[in-house]
Every structure is written in C-alpha cells, then in structure tokens.
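First the structure, in the form of structure tokens, and then the observations on it.
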Amino acid sequence: MGRDRGIEVENLVREFKKGPRAVDGIDLQVEPGEIYGFLGPNGAGKSTTVLMLTTLLPPTSGTATVAGYDIVHEGPQVRASIGAALQEAALDPFLTGREHLHLQAALHGISRKERKRRAQELLERVGLQEAAGRKVRGYSGGMKRRLDLALALVHGPQILFLDEPTTGLDPQSRSALWAEVSRLAREDEVTVFLTTQYLEEADVLADRVGIIDRGRIVAEDTPESLKAEIGRPSVEATPAERGERDAVASVLMGFGEEIPAQPGAVAVRLSGGAAGLADVVRALDKEGVRVTNLRLDEPSLDDVFLAKTGRSLEGAGEGEEGGMEEAQA
Amino acid sequence: MSSFFHVAGAVAARQTYKYFTNPAFLAPALFPLFFFVAFAGGLTRVGDVPGFDYGAGYIAFQYVWALLQAVSMGGAFTGFSIAGDFENGFASRLMLAASNRYGIILGYTMASIVRAVMTGMLVTGFALVIGIPISGGFDLFGLIALALLANIAATLFGAGVAMLLRTQQAGPVIRTPIFLVLFLAPVFVPLSLLSGWIETAARLNPFTHVLEAARGFLAGDPTGVASAFIISAILILILALWAVYGLRSAERAG
Numbered sequence: 001m002g003r004d005r006g007i008e009v010e011n012l013v014r015e016f017k018k019g020p021r022a023v024d025g026i027d028l029q030v031e032p033g034e035i036y037g038f039l040g041p042n043g044a045g046k047s048t049t050v051l052m053l054t055t056l057l058p059p060t061s062g063t064a065t066v067a068g069y070d071i072v073h074e075g076p077q078v079r080a081s082i083g084a085a086l087q088e089a090a091l092d093p094f095l096t097g098r099e100h101l102h103l104q105a106a107l108h109g110i111s112r113k114e115r116k117r118r119a120q121e122l123l124e125r126v127g128l129q130e131a132a133g134r135k136v137r138g139y140s141g142g143m144k145r146r147l148d149l150a151l152a153l154v155h156g157p158q159i160l161f162l163d164e165p166t167t168g169l170d171p172q173s174r175s176a177l178w179a180e181v182s183r184l185a186r187e188d189e190v191t192v193f194l195t196t197q198y199l200e201e202a203d204v205l206a207d208r209v210g211i212i213d214r215g216r217i218v219a220e221d222t223p224e225s226l227k228a229e230i231g232r233p234s235v236e237a238t239p240a241e242r243g244e245r246d247a248v249a250s251v252l253m254g255f256g257e258e259i260p261a262q263p264g265a266v267a268v269r270l271s272g273g274a275a276g277l278a279d280v281v282r283a284l285d286k287e288g289v290r291v292t293n294l295r296l297d298e299p300s301l302d303d304v305f306l307a308k309t310g311r312s313l314e315g316a317g318e319g320e321e322g323g324m325e326e327a328q329a
Numbered sequence: 001m002s003s004f005f006h007v008a009g010a011v012a013a014r015q016t017y018k019y020f021t022n023p024a025f026l027a028p029a030l031f032p033l034f035f036f037v038a039f040a041g042g043l044t045r046v047g048d049v050p051g052f053d054y055g056a057g058y059i060a061f062q063y064v065w066a067l068l069q070a071v072s073m074g075g076a077f078t079g080f081s082i083a084g085d086f087e088n089g090f091a092s093r094l095m096l097a098a099s100n101r102y103g104i105i106l107g108y109t110m111a112s113i114v115r116a117v118m119t120g121m122l123v124t125g126f127a128l129v130i131g132i133p134i135s136g137g138f139d140l141f142g143l144i145a146l147a148l149l150a151n152i153a154a155t156l157f158g159a160g161v162a163m164l165l166r167t168q169q170a171g172p173v174i175r176t177p178i179f180l181v182l183f184l185a186p187v188f189v190p191l192s193l194l195s196g197w198i199e200t201a202a203r204l205n206p207f208t209h210v211l212e213a214a215r216g217f218l219a220g221d222p223t224g225v226a227s228a229f230i231i232s233a234i235l236i237l238i239l240a241l242w243a244v245y246g247l248r249s250a251e252r253a254g
C-alpha cells in the first residue's frame, strides 16, 4: 500500500490553555485517493485536527504524517504537498479572484506564464471566469468558497483538506462542490480529507467516515458498514382508516419485530433487509389493507452517532464547552 | 532556499500592489510632513542660536529628521498591515502556502522599502518646495542608505509585534516605541545644545547616531558614519530575530 499521498495519525493530541483537550488522542489513516469524511458536531475537534495536519497548529503530542512527511519536523514539505480550504475563506477583499490565484501560484513558486494558465483553468473549473476580474469583497459566500477551492488546487496538491466546505452554501452550490470534490478524487486521484457536520455530505461523498465527538474518534468505517452495524432498515405504514391499524400491524409483523412508530402508524424492523419492502407492499395489497403512507427508514449516520455517543448529531455541539475549536492557545 | 525568495516575492508583490491601489499608503508621511512644516517654519530662528553649528541650515536639519521619521513610520504601518492580515485571517493563507515562512517577513520588509521610497520622495519633494538649500558636496546615497536601514529596522520591529499579538489593537504597541526612539533624539537642536535628562536619553539612544550621521551626509560633512551603519546593522540583526520570534509565536498559536 502506497502511503505517499495518504495521511497517518497516531495518538494526536491538542490541548489549549484553560480549555479542554480539543483533540484527545486520535488515530486515523487515510489511503491515497480516498475521500475521508470527518464528521462531528461543532466543537468536536474537526477543525483543530485539520489545523494540525496542515501545519497551522502544532500538536501537543502524538505524531502524524501527511504525504509521507512529518507534520512537526517536515512542515515545508507537507505544505508543498497539500491544498487546504479552511472554514473561513482567507481572502483579501481588495484583490480580485484572478489576483488571488496569481498570488497563490507565486507563493508556490509557479512561473509567471504557468500562473496565468493555471488561474484561467481553475477559474473555468469553479465557474468564476466572469467574476475573475472583480474584487472579492463583492463575492457571495458561494463564490468565495469556490475561489477558496480553486486556490487550494493551484499547485496541483496530492492531498486536499476541506474544512466544512459547504457550510452556508445554497443547495445548488453545495451540489456543484460535491461534484467537483468527487471528480478530484476519482479523476485526479487527489486524497481528500473533508470535515463536515452534515450527515448527507459525509454519506454522499466519503469513501470512509470517521466520527469525532469531544476530541475522540468514536466510530470509523465506510458509511454503509457504519449504518449496517447499527441495524436493519425499518418500514412504517400509516393505515388509511384508524380502524385498520390492527390489520396493518398483523401484516407487517410477518416481516419483522415491531418498533415504536408515529401515532396511528405501525413500524417493524425488516428481518430481511430493505429488499423485503416489495413483499410488504404485496402482502398489504393481498389483504386489501389501504395505507396512506409507507416509508422505508434506513439507519443514518445520525443513528450511528446516537448509538456511539448517546446523543443525536443534529445540534449535539450546541451549548457545549463554548466551541473548543475557537479556543486559543 | 528558492521557496524563501518565491514567498518573499509574492508577499512583497501583493503588499506593494495594495499600496499603489490605495492612496492611504502615503499616510506614514503625513505626520512627518506636519512636524516638518511646523518645526522648519516656526523654529527657523533656532538656526541662529549660538552653538547651532549645522552648516546646511535649519530646514535641512529638520528635513533629515522628517525623512527618517517618515520611513520609520512606514515600517510601523507595515506592522499594522501584518496585524490586519492576522486579524482577518489572510495570514493563514500565507502561512499555509509558504513552504518557507521566513520569506513572509522578507516579503513584508521588501514592500515596506517600496513604501519608504515613496514616502521619502514625498517628504523630499515637500522639502524642495519649502526651500531646502541645494548645494554640492552632500552624500545623497549615504542619506538614502541610512533611511532605508531605519525603515527596515522599524519594519522588523513592527512585524515582530504584529505577529506576536496578531491583532490591529497592536497598533499603539508598534507606534509608541518608534515615536519614543524618534523623539528622544536631537530633534530640534544638535546634541551639543541639549542638556539634562533629554541629553542623557539622546546620547543613549542608538537612533541619535543614525540621525547625526544622516545630517552629516546632507551637510557634506559626514561624521560618525561607521558607528551609524554598525548600529543600524546590529539593530536590524536583533530586530530580525525579534520578527522571527514573532513568527514562531504565530506558528505556535495557529
């Protein structure tokens, strides 16, 4: 297994003065060309981890290599190998999009001629050709995010760090960014380390997901395996008439054990998995039972988070510890 | 090593570009110009005081101080810019993209020199307008060299403070020591006419040597040149270490 474009982390810790351990001994390994989703609520330690792996913040203890280079002792080599779009797009409001790209390319030592070519190519790729000559202060949030992604790619990095890249984006911009990230991994074989607090984002994009809570990784696997670990899918049916509830229940219980459902509805955990849904429909039809709603629920990453931490991911970070990631050394 | 210069060049280009797209880049010259007009205009008779032995006249005497003040404040303003970059997050882009982060310090310093040249030209142009005597025999290159060294020293000091504190609130911390050093020197009269605590402070102030030598260059009577350049070089070395300390502090803080 080649590790040249991968990430390896061992017992990485970051403590802040007068604060808790933002990152509390995490271990992880990201394979070359993989999209690794780092999922967790606000204040879980995602951004602190990214800051350490991108050499913007030294770890308190532990080791990590990025692209085969030690993040503490080989910072310059790490920085030359990676691109990063951090949570707050660090842009100069008085420079245009194109000027940002030229500056970023110059920082990486790319020749003047190549800078122009790369800038044009990336502006087209992220759909900012028309806005390229405008100062960034007039850009929308989505445009800033896209420019930030282009800036992260200007030197053709082997590894890309994206820290909550779609936070605050409209659905259209979010989809476009997802498509570009997928393309980068599949076509350009860029390793992507993506932090997110959106379940759907991790589910759609990531080959593997690490779930972090209070500085510790509580689960790590492919999204499918994590969900399968939690349990089988369930089906919930709402009878057309209240009096038919028992009839619906008797049909459904032939397919699995009953579980709590919405008022007036019946739900069972499908013993045969999601494939059993068609049989459920046929059985209901055969018994002449009419339903107004039939819903298949597959376990989500939120269920995984709930199972691992006892809390729901949605809003789990709110009101907790004042946000570790904002803590200062 | 090449990445050091790539980074420095990129940072300098961005900073210089910003100067020339914003007229406020000449702001460091405003205070010195004000002092220059006030002192050179209102205190001209000081040149007639017994013991005032500066041959080029009082306007030239004040011009040198105004020039050094302008270029030094240019260095301080560069510190403000650095602090601003840290406060608004842009510095993280530089820190992330720069393989060699020491190049960031050099880049800001290079841009500061460009600003110093512009503000120096402005002050000089103003001095010519209000009648600074132009006569042969002065060493313009020596004067410019000392002015640039003063600018570099002030820039490195400002850079160190800015990177240490990483907020624009650092402004007074950068500005006040530079003001003190500039004013605790023979500003209005030659050192020989000072007395009491101000004379002691001026004699201890390393900037005094730079100011005296710069005035000597303009008068065509260089004095204490070697000590002025040695002091400047030592100051720059110490302040470069200070700036590196600031950078390392910023790296540690993330």
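If you read the protein sequences in the order shown, they are chains V and U. Here the numbering used here is used: the first residue of the first sequence is 1, the next is one more, and so on. Here the numbering used here is used: the first residue of the second sequence is 1, the next is one more, and so on. Here a beta-carbon is modelled for each residue, glycine too, at the ideal position from N, C-alpha and C.
Kindly indicate which residue of the options has the alpha-carbon position closest to the one of residue i.
i, options, result
"glycine 25 of chain V", "V/Lys46, V/Lys17, V/Asp207, V/Tyr36", "V/Lys46"
"serine 173 of chain V", "V/Gly142, V/Asp92, V/Gln129", "V/Gly142"
"glutamate 124 of chain V", "V/Leu147, V/Asn293, V/Lys308, V/Glu114", "V/Leu147"
"valine 30 of chain V", "V/Val13, V/Gly6, V/Leu226", "V/Gly6"
"glycine 19 of chain V", "V/Pro32, V/Leu153, V/Gly43", "V/Gly43"
"aspartate 213 of chain V", "V/Lys17, V/Val72, V/Pro41", "V/Pro41"
"alanine 27 of chain U", "U/Ala116, U/Ser3, U/Ala12, U/Val49", "U/Ala116"
"valine 266 of chain V", "V/Phe161, V/Arg232, V/Gly254, V/Val248", "V/Val248"
"glycine 273 of chain V", "V/Asp285, V/Glu298, V/Lys286", "V/Glu298"
"arginine 242 of chain V", "V/Asn293, V/Lys116, V/Glu10, V/Leu169", "V/Asn293"
"glycine 231 of chain V", "V/Leu252, V/Val251, V/Ile259, V/Asp246", "V/Ile259"
"proline 23 of chain U", "U/Ala153, U/Met118, U/Leu180, U/Ile82", "U/Met118"
Along chain U, which residues have their Cβ under 7 Å away from the Cβ of residue i?
i, result
"aspartate 92 of chain V", "Phe90"
"alanine 67 of chain V", "Correct list: empty, because the minimum Cβ distance to chain U is about 13 Å."
"glutamine 104 of chain V", "Ala97"
"glutamate 88 of chain V", "Gly89"
"arginine 145 of chain V", "Near arginine 145 of chain V there are no residues of chain U at all, since even the closest Cβ is about 14 Å away, more than 7 Å."
Give every residue of the same chain whose Cβ lies closer than 8 Å to the Cβ of residue i, excluding the five residues on either side of it in the sequence, and list them in chain order.
i, result
"leucine 95 of chain V", "Leu103, Lys135, Val136"
"leucine 301 of chain V", "Leu39, Leu199, Ala202, Asp203, Val209, Ile211, Pro223, Leu226, Lys227, Leu313"
"glycine 319 of chain V", "Note that glycine 319 of chain V scores a pLDDT of 43, beneath 50, so its modelled location is shaky; the value from the coordinates is reported in the next line. The answer is none, since no qualifying residue turns up."
"tryptophan 178 of chain V", "Thr166, Glu201, Val204, Leu205"
"isoleucine 110 of chain V", "Arg118, Val154, His155"
"proline 222 of chain U", "Asp139, Gly142, Ala213, Gly216"
"alanine 147 of chain U", "Leu67, Leu68, Val71, Ala116, Gly120, Ala214"
Can you give me the Cβ contacts of residue i inside the same chain, cut-off strictly under 6 Å, excluding the 5 residues immediately before and after it?
i, result
"glycine 9 of chain U", "none"
"serine 61 of chain V", "Val13"
"methionine 1 of chain V", "Only weak support exists for where methionine 1 of chain V lies, its pLDDT of 39 falling under 50; the value from the coordinates is given anyway. Answer for methionine 1 of chain V: no residue qualifies."
"isoleucine 130 of chain U", "none"
"tryptophan 65 of chain U", "Val187"
Give the residues of chain V in contact with residue i, contact being defined as C-beta atoms less than 8 Å apart.
i, result
"threonine 21 of chain U", "Phe94"
"glycine 84 of chain U", "Within 8 Å Cβ-Cβ: nothing; glycine 84 of chain U doesn't reach chain V, min ~10 Å."
Could you tell me how far apart the beta carbons of residue i and residue j are, in whole angstroms, since I believe they sit closer than 8 Å?
i, j, result
"arginine 93 of chain U", "alanine 90 of chain V", "4 Å"
"arginine 175 of chain U", "alanine 76 of chain U", "5 Å"
"alanine 105 of chain V", "aspartate 4 of chain V", "That pair is no contact at about 23 Å."
"threonine 238 of chain V", "valine 291 of chain V", "6 Å"
"arginine 252 of chain U", "proline 58 of chain V", "6 Å"
"leucine 53 of chain V", "glycine 97 of chain V", "Not really, about 27 Å apart at Cβ, beyond 8 Å."
"glycine 84 of chain U", "glutamine 168 of chain U", "5 Å"
"leucine 162 of chain V", "alanine 85 of chain V", "5 Å"
"aspartate 27 of chain V", "glutamate 15 of chain V", "Actually they are not in contact, since the Cβ atoms of aspartate 27 of chain V and glutamate 15 of chain V sit about 17 Å apart, beyond 8 Å."
Near residue i, what residues of its chain come up, given a Cβ to Cβ distance below 7 Å and the 5 sequence neighbours on each side ignored?
i, result
"proline 190 of chain U", "Phe52, Asp53, Tyr54"
"proline 93 of chain V", "Lys135, Val136, Arg137"
"alanine 219 of chain V", "Ile211, Leu226, Val304, Lys308"
"proline 206 of chain U", "Ile231, Leu235"
"alanine 240 of chain U", "Leu156"
"asparagine 151 of chain U", "Val71, Ser72, Gly74, Gly75, Ser112, Ile113, Ala116"
Confirm the yes/no value for this check: CB of residue i, any heavy atom of the ligand PLP, distance under 6 Å.
i, result
"isoleucine 178 of chain U", "The model on display carries no ligand, and the ligand PLP is accordingly not part of it."
In chain U, which residues lie less than 8 Å from residue i when you measure between Cβ atoms?
i, result
"alanine 84 of chain V", "Leu96"
"glutamate 74 of chain V", "Within chain U, no residue comes near glutamate 74 of chain V; the closest Cβ sits about 11 Å away, beyond 8 Å."
"arginine 79 of chain V", "Leu96, Ala97, Ala98, Ser99"
So which residues of chain V does residue i contact, with C-beta pairs closer than 7 Å?
i, result
"glycine 254 of chain U", "Leu51, Leu56, Leu57, Ala329"
"arginine 93 of chain U", "Ala90"
Check: Can you list, in chain order, the residues of the stretch 187 to 214 of chain V whose Cβ is nearer than 7 Å to any Cβ on chain U?
Finding: none
Next item on the list: Please list the residues of the stretch 40 to 59 of chain V that have a C-beta atom closer than 9 Å to any C-beta atom in chain U, keeping them in chain order.
Entry: Thr48, Leu51, Met52, Thr54, Thr55, Leu56, Leu57, Pro58
Notebook entry, point to check: At a Cβ cut of 7 Å, what residues of the stretch 99 to 124 of chain V count as close to chain U, listed as they run along the chain?
Noted result: Leu103, Gln104, Ala106, Leu107, His108, Gly109
Checklist line | Against chain V: residues of the stretch 100 to 115 of chain U by CB proximity under 7 Å | finding: Asn100
Note to self: So if I threshold CB-CB distances at 8 Å, which residues from the stretch 4 to 19 of chain V count as touching chain U?
What the structure shows: none
Check: Given a limit of 9 Å on CB to CB distance, which residues of the stretch 2 to 35 of chain U reach chain V?
Finding: Ser2, Ser3, Phe5, His6, Val7, Gly9, Ala10, Val11, Ala13, Arg14, Tyr17, Lys18, Thr21, Asn22
Checklist line | Interface residues of the stretch 224 to 252 of chain U facing chain V [CB-CB below 9 Å] | finding: Glu251, Arg252
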